[in-house]
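Numbering (my numbering), first residue to last: 3 to 115. We treat Cβ as the ideally placed atom computed from N, Cα and C, and that holds for glycine. Source: prediction; values computed, not measured. To start, the structure itself, in structure tokens.
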Amino acid sequence: MSNLNKLHFTTLEVSGRNYLKWVQDMKLHLTVKNLHPTIEDETDNHIGEAEKAMAMIFIRRHVHDALQTEYLAEEDPRALWSFWLIALITKMTSSCLKQDMTDSIYACKTLSL
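Take a look at the structure:
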């Protein structure tokens, strides 16, 4: 029973500070569970409701409680995955624009996401 509550890796923080590590861990674990197609942009594979539900459970289990609550209504793992990526890029862009930096530094920071 205790294995049901055990995390496989660190949860995604609200700040998104650990996003890159979290994404890599999440992709690897979803691949092992044969659920990676649930987050791919364009896939020809038919994804059943059970697979989507399993992916959502796994993803939600590995994000901060505040993020779980904020996106509780979302039921599509691909949409949730894309939204967090866009939100992080937006946050980083906003942060970079507040700082005084050259275009090349800004581009490097954006592309490193």
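**Prompt:** Buried or exposed: which applies to Ile88, given that a residue is buried once 16 or more other Cβ atoms fall within 10 Å of its Cβ?
**Reply:** exposed
**Asked** Considering only residues of the same chain and omitting the five flanking positions on each side of Ala68, which have a CB-CB separation below 6 Å?
**Response** Val16
**Item:** Rounded distance between the beta-carbons of Thr33 and Ala57, thought under 8 Å
**Value:** So it is not a contact: roughly 11 Å between Cβ atoms.
**Under 7 Å between C-beta atoms of Gly18 and Leu90** = yes
**Prompt:** Are Thr13 and Val65 closer than 7 Å when you measure CB to CB?
**Reply:** yes
**Asked** For Leu14, which of helix, strand or coil comes out of DSSP?
**Response** strand
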